[in-house]
Amino acid sequence: MTQATTQAAPSTAVSAAAARTRWLQDNGVYVAVGVLLLFNAVFTANFLTVGNFTTQLVQAAPVLIVALGMALVIGTEGVDLSVGAVMALAAAIIPLYLGAGWLMAITMALVVGVLAGAFNGFLVAKVGIQPIVATLALLVGGRGLALVIANGQLVQLRDPTFLSLGTDDVFGIPISVLIAGVLALVIAAVTNRTTFGRQLVAIGGNRKAATLAGLPVTRVLIGVYAITGVLAAIAGVLATSRLAASDPADMGLLMELSAITAVVVGGTPLTGGKVRVLGTVFGVILMQLVRATLIKHNLPDSIAQMIQAAIIVAAVYVARERR
Amino acid sequence: MTATLTKTTPTMAARTKVLQRQGAAVALVLVVAVSWLVFPRFGSLDNLRDLALQGSFLAVIAIGMTFVIITGGIDLSVGSVYALGGVLAAWGAQYGFLVALLLPLVVCGLIGLINGLLIARTNMAPFIVTLASLLFARGLLLVITDEGATTYKIASDSAFVELGRGTVFGFGYPIFIAAALALVGGMLLNRTNFGQNVFATGGAEQSAVLLGVPVAKTKVLVYTMSGTLAGLAGALTAAYLQSGVTVIGVGLELDAIAVVVIGGTLLTGGMGTVLGTVIGVGLIKVIQNVINQIGTLDSNYQSVVSGVFLLIVVVLQRILRR
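Quick note, the sequences are listed as chains U and D, same order. Counting from 1, position 255 in the first sequence corresponds to residue 255 in UniProt numbering; the numbering is continuous, with no gaps. Counting from 1, position 38 in the second sequence corresponds to residue 38 in UniProt numbering; the numbering is continuous, with no gaps.
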């Protein structure tokens with residue numbers, strides 16, 4: 001009897017610690033967002049205003065759209081470093097076709113996004129190159145190509161319908177935020193309710209097993225990277241319309257970092273096999289809140305960056321070794 | 001499976017190996033030969049000196065990256081660390097030569113050490129850890145430069161400037177430093193136990209651990225090396241520019257990774273050479289130089305060409321390994 005209890009005691013302690021870690025992995029991001037909101041509500045002037053929330057959401061919308069795609073790619077045990085370059089490509093394409101109407105311009109930008117993503121997917125799935133390297137090539141070359149297309153120049157845009165994308169709102173909700181919200185719902189539905197979503201997670205969990213089980217691994221992977229490409233292009237279009245200018249030099253710079261950070265902070269493991277869409281949404285909101293809090297309390301950019309670095313390490317540390 | 005195995009006869013395997021190892025060298029010879037014939041200015045001594053000098057800064061960083069990549073890792077922080085090293089050197093130059101040289105080496109080495117400890121001891125993915133230190137190093141740089149508003153200048157008569165601008169037969173000191181480091185790096189990789197451990201760590205980590213290879217120690221060492229070398233490259237650049245420019249080094253990690261991969265080092269780890277990396281640096285710099293010579297092409301083509309080259313190399317590597 002005593003022997004049994006002494007044996008059981010350490011194991012319960014271990015499992016309690018494991019359960020706590022798991023709980024933290026699953027819910028840490030929601031707690032962090034809650035704490036930050038509370039902190040700001042008490043200590044930050046003019047925080048609880050509609051205007052402020054709108055601003056924060058508008059700023060977070062492009063990151064969220066990119067991060068949704070990134071979550072899918074990371075779910076397949078991959079990563080897409082080219083998202084920022086794809087945003088730049090989308091931005092560079094828009095002024096070329098804006099003469100043929102806003103719809104044409106947006107369509108072409110999205111087509112380029114799909115093609116770029118499918119190309120990444122082809123390299124990863126068909127040729128068998130590591131995702132980091134395959135997408136690195138487009139990261140290096142993509143922005144250069146965007147700058148070549150745009151002659152390295154910033155182009156002011158004047159099409160009123162296109163610009164209204166970045167300025168108008170529906171019932172007080174800015175269009176870009178609305179689009180980001182709808183896309184989050186769509187991606188959540190795709191991952192949780194479709195065969196494609198199941199297959200994606202299965203491939204990320206164990207690609208060999210998925211192949212042996214007869215899943216269409218190549219097709220799913222190319223599809224996932226194409227989705228990520230088109231989402232990056234959408235983010236590029238929205239950011240461009242908000243800027244009222246096509247700026248391929250700066251568009252989406254370091255976006256891959258923000259997106260990966262948000263996904264990881266949101267509890268999607270880098271080892272694949274799991275996609276957390278709601279966690280990703282909150283990951284984006286958390287990083288946006290952190291930045292806003294630091295800015296509103298007059299901390300300089302330098303400190304903000306260093307704190308972001310610490311958050312990334314802490315989040316990955318907590319999330320490591322989970323499957 | 002066995003059929004394909006028997007088909008890859010020794011000669012074919014050997015040919016594959018030669019192509020994989022010497023592909024970059026062959027490409028470099030071709031590109032240099034063509035440039036020499038087509039562009040009269042390319043072969044001028046001035047241009048070659050300039051080319052070598054430009055390449056030397058990147059080479060110093062890429063040598064460290066080679067070690068990291070052979071262990072199966074990656075170091076994304078080198079661009080920021082390079083910029084930080086430059087600023088620290090420029091700030092330190094007011095206290096004399098030794099401070100200007102040692103301060104960046106120590107601080108950047110420490111950042112590398114932290115990278116290595118986090119990666120080796122906690123099993124976090126190298127690219128995420130070094131991504132965080134990319135942000136951290138940039139943040140630190142902004143702190144010491146009043147948010148980037150201050151650019152520290154180095155007095156042009158200081159001994160430290162000589163390190164970046166001094167020449168032997170017109171060839172700048174950084175070229176010799178890079179060459180010496182490449183030599184030492186090559187020896188370290190191929191002739192020492194440490195080098196063996198680096199290959200073993202990247203080749204098959206689990207087996208290496210079981211065989212008693214000090215995997216964790218090796219990882220800590222390579223990241224420390226990478227950080228220190230990036231800091232040194234920054235210090236040399238600062239000496240050459242006579243100031244700690246705050247905006248340099250953005251995206252430099254990608255150039256470094258690209259030249260290492262183009263030089264035949266496998267990103268999956270376990271295989272690679274320092275000589276290949278040096279050739280990769282040469283190839284990229286010659287191509288950039290040629291694009292500049294054409295003149296009508298805008299400089300953005302450089303990154304397009306780098307990207308395409310990277311792609312060709314990794315696809316070839318992949319196909320040849322099948």
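Backbone N, C-alpha and C fix where the C-beta goes; we use that ideal spot for every residue, glycine too.
Query raised in the report: Secondary structure at Val264 (chain U), three-state DSSP: helix, strand or coil?
Result: Three-state DSSP puts Val264 (chain U) in a helix.
**Report entry** Minimum C-alpha distance to Trp102 (chain U) - residue among U:Gly113, U:Thr161 and U:Ser15
**Finding:** That would be U:Thr161, whose Cα lies nearest to the Cα of Trp102 (chain U).
Query raised in the report: Does Gly236 (chain U) have its Cβ less than 9 Å from a Cβ in chain D?
Result: Not an interface residue.
Query raised in the report: What residues from chain D crowd round Ser302 (chain U), counting only those whose CB sits closer than 7 Å?
Result: Within chain D, the residues near Ser302 (chain U) are Gly139, Leu142, Val143 and Glu147.
Query raised in the report: If we call anything under 9 Å between Cβ atoms a contact, is Val278 (chain D) one with Ile129 (chain U)?
Result: No; because the gap between Cβ atoms is not below 9 Å, this pair is not in contact.
Query raised in the report: With a CB to CB cut of under 6 Å and the five nearest residues on each side skipped, what residues in its chain are close to Pro248 (chain U)?
Result: Excluding positions up to five away in sequence, the list reads Ala88, Ala91, Ala92, Ala146, Leu147 and Ala150.
Report task. Check whether the Cβ of Phe67 (chain D) lies closer than 9 Å to any Cβ atom in chain U. Result -> Not a single CB atom of chain U sits nearer than 9 Å to the CB of Phe67 (chain D).
Query raised in the report: Who are Lys153 (chain D)'s beta bridge partners in DSSP?
Result: Paired residue(s): D:Ser243.
Query raised in the report: What is the DSSP secondary structure of Val153 (chain U), counted as helix, strand or coil?
Result: Note that residue 153 (chain U) is Gln in the sequence shown here, rather than Val. Note: Gln153 (chain U) maps to coil in three-state DSSP.
Requested in this report: Using a threshold of 9 Å, state whether the C-beta atoms of Thr271 (chain U) and Asn40 (chain U) are closer than that.
Outcome: Not a contact, by the Cβ cut-off of 9 Å.
Query raised in the report: Closer than 7 Å, Cβ to any Cβ of chain D: which residues of the stretch 68-88 of chain U, in chain order?
Result: For the stretch 68-88 of chain U, which is checked against every Cβ of chain D, not one residue is closer than 7 Å.
Query raised in the report: Got a sec? Which residues, its chain only, sit under 6 Å from Ser56 (chain D) by beta carbon, not counting five neighbours each side?
Result: Scanning its chain for C-beta atoms nearer than 6 Å, with the 5 sequence neighbours on each side dropped, one finds around Ser56 (chain D) the residues Pro174, Ile175 and Ala178, in chain order.
Report task. Using a cut-off of 8 Å between C-beta atoms, extract the partners of Ile129 (chain U) located in chain D. Result -> For Ile129 (chain U), the chain D residues whose Cβ falls inside 8 Å of its Cβ are Val314, Val315 and Arg318, in order along the chain.
Query - Sequence-distant residues of its chain with Cβ nearer than 7 Å to Gly282 (chain D) (five each side left out) - result: Leu28 and Gly55, listed in sequence order.
**Report entry** Ala210 (chain U), enclosing alpha helix (DSSP H) - first and last residue
**Finding:** Counting along the chain, the alpha helix (DSSP H) containing Ala210 (chain U) begins and ends at Arg207 to Leu212.
Requested in this report: Compare the beta carbon distance of Ala83 (chain D) and Arg41 (chain D) with 9 Å and say whether it is the shorter of the two.
Outcome: With respect to the 9 Å criterion, Ala83 (chain D) and Arg41 (chain D) are not classified as neighbours on the basis of their beta carbons.
Requested in this report: Out of D:Met225, D:Ile291, D:Ala59 and D:Val143, state which residue places its alpha-carbon closest to the alpha-carbon of Pro300 (chain U).
Outcome: Closest by alpha carbon: D:Val143.
Requested in this report: Take Met104 (chain U) and list the residues in its own chain whose beta-carbon comes closer than 7 Å to its own, dropping the five residues that flank it on each side.
Outcome: These residues qualify, in order along the chain: Tyr97.
Query raised in the report: Helix, strand or coil: how does DSSP classify residue 323 (chain D) here?
Result: Because residue 323 (chain D) is not part of the residues shown, which for chain D are 1 to 322, the question remains open.
Report task. Return the chain-ordered ranges of every alpha helix (DSSP H) run that is complete within the stretch 113-167 of chain D and spans a minimum of 4 residues. Result -> Counting only runs of 4 or more, we get 126-144 and 159-165.
Requested in this report: Closer than 6 Å by C-beta to Phe72 (chain D): which residues in its own chain qualify, once you throw out the five before and the five after it? Chain order, please.
Outcome: According to the sequence as given, residue 72 (chain D) is Gly; it is not Phe. Closer than 6 Å at the Cβ level, and outside the excluded window around Gly72 (chain D), lie Gly202 and Gly269.
Query raised in the report: Under a Cβ-count criterion, where at least 16 other Cβ atoms within 10 Å of its own Cβ denotes burial, should Met255 (chain U) be classed as buried or exposed?
Result: Buried, because 16 or more other Cβ atoms sit within 10 Å of the Cβ of Met255 (chain U).
Report task. Could you tell me whether any Cβ in chain U is nearer than 9 Å to the Cβ of Leu88 (chain D)? Result -> Not closer than 9 Å to any Cβ of chain U, the Cβ of Leu88 (chain D) fails to qualify, so no.
Report task. Establish whether the CB of Thr8 (chain D) and some CB of chain U are separated by less than 9 Å. Result -> Bear in mind that a pLDDT of 47 at Thr8 (chain D), under 50, signals an unreliable position, so the number given afterwards is only what the model happens to contain. Answer no: the Cβ-Cβ gap between Thr8 (chain D) and chain U never drops below 9 Å.
**Report entry** From U:Leu257, U:Val237 and U:Gly78, residue whose alpha carbon lies closest to that of Gly205 (chain U)
**Finding:** It is U:Gly78.
Query raised in the report: Is the Cβ of Leu123 (chain U) closer than 9 Å to any Cβ of chain D?
Result: So yes, Leu123 (chain U) belongs to the interface.
Query raised in the report: So, helix, strand or coil for Asp169 (chain U), using DSSP?
Result: Here Asp169 (chain U) sits in strand by DSSP.
**Report entry** Beta-carbon gap between Gly86 (chain D) and Ala256 (chain D) smaller than 9 Å
**Finding:** Taking 9 Å as the Cβ cut-off, Gly86 (chain D) and Ala256 (chain D) do not qualify as a contacting pair.
Report task. Spatial neighbours of Ser241 (chain U) within its chain, please: CB distance less than 7 Å, with the 5 preceding and 5 following residues excluded, ordered by chain position. Result -> Excluding sequence neighbours, Ser241 (chain U) sits near Phe162, Leu163, Leu165 and Gly166.
Query - chain D contact for Gln305 (chain U) (CB, 9 Å cutoff) - result: Yes - at least one Cβ of chain D is within 9 Å of the one on Gln305 (chain U).
Query raised in the report: Is Ala19 (chain U) buried or exposed, if buried means 16 or more other CB atoms sit within 10 Å of its CB?
Result: An exposed status is given to Ala19 (chain U), since fewer than 16 other beta-carbon atoms sit within 10 Å of its beta-carbon.
Report task. Please name the residue or residues paired with Ser246 (chain U) in a DSSP beta bridge. Result -> Looking at the DSSP assignment, Ser246 (chain U) forms a beta bridge with U:Val155.
Requested in this report: Check the Cβ of Arg276 (chain U) against every Cβ in chain D and list those closer than 9 Å, keeping chain order.
Outcome: By Cβ distance, chain D contributes nothing, its closest Cβ being about 17 Å from Arg276 (chain U), past 9 Å.
Requested in this report: State yes or no: is the C-beta of Gly229 (chain U) within less than 9 Å of the C-beta of Ala71 (chain U)?
Outcome: Between Gly229 (chain U) and Ala71 (chain U), the C-beta gap is not smaller than 9 Å, which leaves the two residues out of contact.
Query raised in the report: Is the CB-CB distance between Ala62 (chain U) and Gly236 (chain U) below 9 Å?
Result: Note that residue 62 (chain U) is Pro in the sequence shown here, rather than Ala. In this structure, Gly236 (chain U) lies closer than 9 Å to Pro62 (chain U) by Cβ.
Query raised in the report: Among U:Leu185, U:Gly144, U:Ile175 and U:Phe282, which has the Cα closest to the Cα of Val35 (chain U)?
Result: When each option's Cα is compared against that of Val35 (chain U), the closest is U:Phe282.
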